[in-house]
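Have a look at the structure below before the remarks.
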Amino acid sequence: MPQITPIRGFTNTPVTKSICIISTVTALVILILSLKPYVVLAIDPFIVEFSQYWRVITFQLLPVNESDYMLLSILWFHFKTLERFFGSRKYLSAIALFAVYNAIITFLVLALGQLTIVALAALFRLVVLRQPFAVLYTDTIFNSIALGPLGIISLLYMCHGAYIPVSYQFKILMKKPKGEESEDGEPLNSGSTLTLTNHFQVHVLFTILMLNRGFSTLIPCLVGLFIGQLYTQDLLAGSKSWAMPLLIFRMFVSPRKVQRSAARSLERRFHEYQPVSAQIPSESTPVPGEEGNADRHDEDDTEVALDDIRSNDERQDDRSATPVRPLGRQFLDTFRA
Numbered sequence: 001m002p003q004i005t006p007i008r009g010f011t012n013t014p015v016t017k018s019i020c021i022i023s024t025v026t027a028l029v030i031l032i033l034s035l036k037p038y039v040v041l042a043i044d045p046f047i048v049e050f051s052q053y054w055r056v057i058t059f060q061l062l063p064v065n066e067s068d069y070m071l072l073s074i075l076w077f078h079f080k081t082l083e084r085f086f087g088s089r090k091y092l093s094a095i096a097l098f099a100v101y102n103a104i105i106t107f108l109v110l111a112l113g114q115l116t117i118v119a120l121a122a123l124f125r126l127v128v129l130r131q132p133f134a135v136l137y138t139d140t141i142f143n144s145i146a147l148g149p150l151g152i153i154s155l156l157y158m159c160h161g162a163y164i165p166v167s168y169q170f171k172i173l174m175k176k177p178k179g180e181e182s183e184d185g186e187p188l189n190s191g192s193t194l195t196l197t198n199h200f201q202v203h204v205l206f207t208i209l210m211l212n213r214g215f216s217t218l219i220p221c222l223v224g225l226f227i228g229q230l231y232t233q234d235l236l237a238g239s240k241s242w243a244m245p246l247l248i249f250r251m252f253v254s255p256r257k258v259q260r261s262a263a264r265s266l267e268r269r270f271h272e273y274q275p276v277s278a279q280i281p282s283e284s285t286p287v288p289g290e291e292g293n294a295d296r297h298d299e300d301d302t303e304v305a306l307d308d309i310r311s312n313d314e315r316q317d318d319r320s321a322t323p324v325r326p327l328g329r330q331f332l333d334t335f336r337a
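For the sequence shown, full-length UniProt numbering gives the first residue as 1, with consecutive numbering after it.
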């Protein structure tokens with residue numbers, strides 16, 4: 001596996017930089033304009049009663065609180081090594097694909113989980129409690145989940161563990177070792193030790209994020225881990241063939257450059273227009289002074305060619321006048337000098 005060297009800041013990682021900026025600006029705009037109720041995903045009442053299926057996409061835009069936002073931002077920053085591993089365009093394509101799969105599968109898990117628990121509760125009342133069969137729709141742990149791109153982060157967490165190599169390992173002694181030391185200076189009975197790698201901070205942050213709000217964060221994270229496992233095993237449809245359109249990628253990474261190039265192309269198209277007669281001079285109306293310049297160029301080229309011929313002849317005459325020395329004579333003349 002290739003060695004991924006440390007990256008300082010957002011060097012050569014424009015997608016990660018754009019994601020951090022856009023997620024921060026989006027969160028501030030939604031909070032300032034009080035649009036948070038429009039990004040909440042809940043099966044009851046938004047899906048069952050109001051049929052607001054657009055919430056399946058919008059719930060990934062905004063984390064629910066400040067702690068989730070900080071954890072997500074730090075993990076986005078850590079996963080910039082994946083952008084360097086995949087490449088910026090492929091990395092953005094994978095994130096867009098992950099967002100679609102995560103939205104659809106999370107919605108299916110919530111809907112099926114909610115219906116399954118309601119049906120099991122009705123059967124329990126019928127069989128155990130001997131009550132008439134009646135389906136009472138109530139809120140369960142599958143009714144709503146935490147907001148934010150938790151599933152996408154879980155997918156990237158699986159990719160980070162599968163593709164990014166481990167640079168080093170270190171051990172932490174949990175208690176004082178007892179016993180004799182070996183020839184290398186290490187204790188023979190080292191007691192209990194904890195072995196960690198350079199990825200330990202990613203594991204700690206993701207574990208805190210997954211357990212931060214109980215089942216509301218656990219469910220989307222588990223869904224993301226499942227989809228990430230499919231992606232790392234090349235079982236996710238479209239993961240290898242689909243790519244983000246180049247224009248959308250450029251607009252996401254550097255919108256200013258796209259605007260400048262579009263403005264320059266429009267300016268060239270409208271301001272540098274000239275009639276055909278002004279661009280191509282007519283053959284029947286020669287430009288004054290053009291014939292004289294052409295004659296001078298021809299005379300100069302002829303003189304240069306004659307000078308080259310004379311110089312070649314002089315070199316051949318000098319060579320013919322100089323006698324050829326044998327190889328042995330050349331060695332003797334060299335040592336005598």
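Note that the Cβ used here is the ideal one computed from N, Cα and C, for glycine as well.
All values reported here derive from a predicted model rather than from experimental measurement.
| Check | Outcome |
| --- | --- |
| N- and C-terminal bounds of the beta strand (DSSP E) containing residue 172 | 169 to 173 |
| C-beta contact flag for residue 171 and residue 194 at 9 Å | yes |
| C-alpha gap between residue 153 and residue 78, whole angstroms | 11 Å |
| Proximity to residue 42 [Cα-Cα], best of 20, 73, 146 and 90 | 146 |
| Presumed contact (8 Å Cβ cut-off) between residue 209 and residue 217, rounded CB distance | 7 Å |
| Local Cβ density within 10 Å of residue 62, reported as buried at 16 or more and exposed below that | buried |
| Residue 196, enclosing beta strand (DSSP E) - first and last residue | 193 to 197 |
| Endpoints, alpha helix (DSSP H) assigned at residue 141 | Taken as a continuous stretch (DSSP letters only), residue 141 belongs to no alpha helix (DSSP H), as it is neither H nor E. |
| Length of the line joining the Cα atoms of residue 19 and residue 109 | 27 Å |
| Beta-carbon proximity of residue 141 to residue 117, cut-off 9 Å | yes |
| Top-ranked residue by Cα proximity to residue 148, from 72, 231, 246 and 263 | 72 |
| Proximity of residue 59 and residue 227 at Cβ, strictly below 9 Å | no |
| Straight-line gap, residue 68 to residue 92 (C-alpha atoms, nearest Å) | 22 Å |
| Residue 294 classed as buried or exposed, judged by whether at least 16 other C-beta atoms fall within 10 angstroms | With a pLDDT of 47 at residue 294, under the threshold of 50, the predicted position of this residue should be treated as unreliable, though the coordinate-derived value follows. Exposed: under 16 other Cβ atoms inside 10 Å. |
| Spatial distance of residue 283 from residue 256 (CA atoms) | With a pLDDT of only 48 at residue 283, under the threshold of 50, the placement of this residue in the model should not be trusted, and no figure is reported. |
| Rounded straight-line distance, which links the Cα of residue 235 to that of residue 113 | 24 Å |
| For residue 102 and residue 151, believed in contact at Cβ under 8 Å, the rounded distance | 4 Å |
| Coarse secondary structure for residue 42, derived from DSSP in three states | strand |
| Sequence ranges, beta strand (DSSP E) only - wholly within the stretch 23 to 70, length at least 3 | none |
| CA-to-CA distance, residue 192 to residue 173, given in whole angstroms | 6 Å |
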